[in-house]
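Colleague: Just dropping this structure here.
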Amino acid sequence: MNICFESHFTGDVLERYAMGTLSSFDYGPLEEHLLLCKPCQTRLMELEEFVLVIRAALTQLAIHPQPRFTAQSAYAL
Amino acid sequence: MLATRGTIASSANQGANDPQPTDPASQSLDSLEMEEARSPEAIEPDPVNWQNLVERIHKGEESGMEELYRLFGRGIRYYLCRQLGHQELDDKVHDTFVIVVQAIRRGELREPERLMGFVRTVVRRQVAAYIDEAVHSRRDELNLDLGVRVADRRNNPEQSAAFRQKVDLMLDVLNDLSERDREILTRFYLDEQSQETICREMILTETQFRLLKSRAKARFGEIGKRKLSQKPLIAVSLRTSVR
């Protein structure tokens, strides 16, 4: 037996939940919804993966910025 | 934005501004049968009679417990896995169900329509108890800091390699962006600045901000699919790594 919901939480809310940045938010309805709603579980998994990956990549870029090939750099060569 | 509870029937109605889903290969919780969630039956209307369900569990009827498991099994597994990782996951799911069923049999759930909230409370308590136990045992054994994260989803070398590949794909995506766009994403995902702050300080509209995020996700998914189709062996490795 599955449950169907007339509406789901938006990707924006799920993304902030994945990031842990939902401030002053009542987590109750969202987490209850997630206990039963497979599409939202799936969506949250995808968003969590994306957040983990982009954070790792951005951190790497911040530590080791990759130089862009510009006219100036070409001239320098 | 708000979810409805319980016995409501209609088709899925995602938020209009939802970003596009990312690469399907980016699944990390494989045992949750991701494809099942995309199947049409996942959104078919099928109301649950909470009163009847709780009564059947209360009476000890097998069918009630089976239905409880069918309804909440995946969600509980997902929640526990998200918070605690894969280790002994089946046992933890089982323990949680035992607690829920025993509590219902003792008549502790007075309002059957609050079953979802009740299950959530039990699961949260379980998570807190496991974390507490893990922190204490680690502190006793290794004198580790309290800040040690309990769950580690990339718990084998294959998964770490798959993750590394995805980070490399993301670096490709980010390097194709302008410095300004990268700064926007850095502010949001890394510095955790609010959308309002970013839009105000970088003179962006909300739509421009959402578009940038959506495009980054779509591009990541697109490059991921393309690269994986070019490298079948790596794709196989990625798929097996999440099993």
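Chains as they are written, first to last, in this note's numbering: chain A, 1 to 77; chain B, 1001 to 1243.
Note that CB positions come from ideal geometry on N, CA and C, so glycine has one too.
(1) Using DSSP with H/G/I as helix, E/B as strand and the rest coil, what is GLU1088 of chain B?
(2) If the cut is a Cβ gap below 9 angstroms, which residues of chain B does LEU61 of chain A touch?
(3) Have a look at VAL1135 of chain B and ALA1128 of chain B and give me their C-alpha separation to the nearest angstrom.
(4) Since PHE25 of chain A is in the alpha helix (DSSP H), which residue starts that stretch and which ends it?
(5) Thinking C-beta only, is ARG1056 of chain B closer than 8 angstroms to SER1063 of chain B?
(6) So ALA62 of chain A and LEU1174 of chain B are in contact, right, with Cβ under 8 angstroms, and what is the actual spacing, rounded?
(7) Give the single residue among B:GLY1224, B:ARG1180 and B:THR1207 whose Cα lies nearest to the Cα of VAL1167 of chain B.
(8) With DSSP collapsed to three states, give me the class of PRO1047 of chain B.
(9) Given a threshold of 16 other Cβ atoms within 10 Å of its Cβ, counted over all protein chains shown, does THR1096 of chain B qualify as buried or as exposed?
(10) Assuming ARG55 of chain A contacts TYR1189 of chain B under a Cβ cut-off of 8 angstroms, what Cβ separation, rounded to an integer in Å, is found between them?
(11) By Cβ distance below 8 angstroms, which residues in the same chain neighbour MET1219 of chain B in space, the five residues on each side in sequence not counted?
(12) Would ALA1079 of chain B and LEU35 of chain A qualify as a contact pair, given that the criterion is a beta-carbon distance under 8 angstroms?
(13) Alpha carbon to alpha carbon, how far is LEU1053 of chain B from GLU1067 of chain B?
(14) Taking the C-alpha atoms as reference points, what is the distance between ALA1161 of chain B and SER23 of chain A?
(15) Could you round the C-beta distance between GLY1117 of chain B and GLY28 of chain A to whole angstroms and report it? I think they count as a contact, below 8 angstroms.
(16) I want to see whether chain A comes within less than 8 angstroms of GLU1192 of chain B, judged by CB atoms only; does it?
(17) Within 8 angstroms (strictly less), CB to CB, does PHE25 of chain A reach chain B?
(18) Using beta-carbon positions only, say whether GLU1206 of chain B and GLN1195 of chain B come within less than 8 angstroms of one another.
(19) Return the chain-ordered list of same chain residues with a C-beta closer than 7 angstroms to the C-beta of PHE9 of chain A, the five sequence neighbours on each side being excluded.
(20) Mind checking whether ILE1184 of chain B and MET1202 of chain B have CB atoms under 8 angstroms apart?
(21) Look up ILE63 of chain A in the DSSP assignment and say whether it is helix, strand or coil.
(22) In chain A, which residues lie less than 8 angstroms from VAL1167 of chain B when you measure between Cβ atoms?
(23) Pop quiz: VAL1119 of chain B and VAL1100 of chain B are said to be a contact at Cβ under 8 angstroms. What is the actual Cβ separation, rounded to whole angstroms?
(24) The alpha helix (DSSP H) that contains LYS1059 of chain B, what's its start and end?
(25) Would you call the CB atoms of VAL53 of chain A and MET19 of chain A closer than 8 angstroms?
(26) Using a beta-carbon distance below 8 angstroms, is ILE1131 of chain B in contact with chain A?
(27) Spatial neighbours of LEU1089 of chain B within its chain, please: C-beta separation below 8 angstroms, excluding the five flanking residues on both sides.
(28) What separation, rounded to the nearest whole angstrom, lies between the Cα atoms of LEU44 of chain A and LEU1071 of chain B?
Modeller: If we stick to the structure as given:
(1) Here residue 1088 of chain B refers to the residue found at position 88 when the second sequence is read from its first residue. It is coil, neither helix nor strand.
(2) What you label residue 61 of chain A is simply residue 61 of the first sequence in a count that begins at 1. Ordered by position in chain B, the residues that pass the 9 angstroms Cβ test against LEU61 of chain A are LEU1171, LEU1174, ASN1175, ARG1182 and THR1186.
(3) On the second sequence, position 135 is the one that residue 1135 of chain B refers to. On the second sequence, position 128 is the one that residue 1128 of chain B refers to. Going from the Cα of VAL1135 of chain B to the Cα of ALA1128 of chain B covers about 10 angstroms.
(4) Here residue 25 of chain A is taken as the residue at index 25 of the first sequence, counted from 1. From DSSP, PHE25 of chain A is part of no alpha helix (DSSP H); its letter is neither H nor E.
(5) Translated into the one-based positions of the second sequence, residue 1063 of chain B becomes position 63. Translated into the one-based positions of the second sequence, residue 1056 of chain B becomes position 56. Going by C-beta atoms, SER1063 of chain B is nearer than 8 angstroms to ARG1056 of chain B.
(6) Residue 62 of chain A sits at position 62 when you count from the first residue of the first sequence. Residue 1174 of chain B sits at position 174 when you count from the first residue of the second sequence. Going by Cβ atoms, the distance from ALA62 of chain A to LEU1174 of chain B rounds to 11 angstroms, so no, they are not a contact pair.
(7) As a working mapping, residue 1167 of chain B is identified with position 167 in the second sequence. Comparing Cα-Cα distances from VAL1167 of chain B to each of B:GLY1224, B:ARG1180 and B:THR1207, the minimum goes to B:GLY1224.
(8) Sequence index remark: in the second sequence, residue 1047 of chain B carries index 47 (1-based). Coil at PRO1047 of chain B, not helix or strand.
(9) Your numbering for residue 1096 of chain B matches position 96 in the second sequence. Buried, by the Cβ-count rule.
(10) For the purposes of this step, residue 55 of chain A is taken as residue 55 along the first sequence, with counting starting at 1. For the purposes of this step, residue 1189 of chain B is taken as residue 189 along the second sequence, with counting starting at 1. 6 angstroms between Cβ atoms; contact.
(11) For the purposes of this step, residue 1219 of chain B is taken as residue 219 along the second sequence, with counting starting at 1. Residue identity differs from the one stated: residue 1219 of chain B is Arg in this sequence, not Met. If we look at ARG1219 of chain B and ignore the five residues flanking it on each side, its Cβ neighbours are VAL1173 and ASP1176.
(12) Looking up residue 1079 of chain B in the second sequence gives position 79. Looking up residue 35 of chain A in the first sequence gives position 35. First, the residue type needs correcting, since residue 1079 of chain B is Tyr and not Ala in the sequence shown. Contact flag set, yes.
(13) The residue labelled residue 1053 of chain B in the question sits at position 53 within the second sequence. The residue labelled residue 1067 of chain B in the question sits at position 67 within the second sequence. Straight-line Cα distance between these residues: approximately 8 angstroms.
(14) Mapped onto the second sequence, residue 1161 of chain B falls at position 161. Mapped onto the first sequence, residue 23 of chain A falls at position 23. Roughly 33 angstroms separates the two Cα atoms.
(15) Taking the second sequence and counting its residues from 1, the one referred to as residue 1117 of chain B is at position 117. Taking the first sequence and counting its residues from 1, the one referred to as residue 28 of chain A is at position 28. Going by Cβ atoms, the distance from GLY1117 of chain B to GLY28 of chain A rounds to 7 angstroms, so yes, they are a contact pair.
(16) Residue numbering aside, residue 1192 of chain B sits at position 192 when the second sequence is read from its first letter. Closer than 8 angstroms: yes.
(17) Walking along the first sequence from the start, residue 25 of chain A turns up at place 25. PHE25 of chain A does not count as touching chain B.
(18) Taking the first residue of the second sequence as position 1, residue 1206 of chain B is located at position 206. Taking the first residue of the second sequence as position 1, residue 1195 of chain B is located at position 195. Contact flag set, yes.
(19) Along the first sequence, read from residue 1 onward, the residue named residue 9 of chain A stands at position 9. Within the same chain, PHE9 of chain A has close Cβ partners LEU30, HIS33 and CYS40.
(20) As a working mapping, residue 1184 of chain B is identified with position 184 in the second sequence. As a working mapping, residue 1202 of chain B is identified with position 202 in the second sequence. Closer than 8 angstroms, so yes.
(21) Indexing the first sequence from 1 puts residue 63 of chain A at position 63. The answer is helix: DSSP assigns ILE63 of chain A an H, G or I state.
(22) Start at 1 with the first residue of the second sequence, and residue 1167 of chain B comes out as number 167. Going along chain A in sequence order, the residues near VAL1167 of chain B (Cβ under 8 angstroms) are VAL53, ALA56, ALA57 and GLN60.
(23) Indexing the second sequence from 1 puts residue 1119 of chain B at position 119. Indexing the second sequence from 1 puts residue 1100 of chain B at position 100. That pair is a contact at about 6 angstroms.
(24) Against the second sequence, residue 1059 of chain B aligns to sequence position 59. Unbroken run through LYS1059 of chain B: none, as it is neither H nor E.
(25) Taking the first residue of the first sequence as position 1, residue 53 of chain A is located at position 53. Taking the first residue of the first sequence as position 1, residue 19 of chain A is located at position 19. No, Cβ-Cβ distance for VAL53 of chain A and MET19 of chain A is not below 8 angstroms.
(26) The residue given as residue 1131 of chain B occupies position 131 in the second sequence. It does not: the Cβ of ILE1131 of chain B has no partner Cβ on chain A nearer than 8 angstroms.
(27) To locate residue 1089 of chain B, count along the second sequence from 1; it is residue 89. Within the same chain, LEU1089 of chain B has close Cβ partners SER1031, ARG1077, LEU1080 and CYS1081.
(28) What you label residue 44 of chain A is simply residue 44 of the first sequence in a count that begins at 1. What you label residue 1071 of chain B is simply residue 71 of the second sequence in a count that begins at 1. One C-alpha to the other measures close to 18 angstroms.
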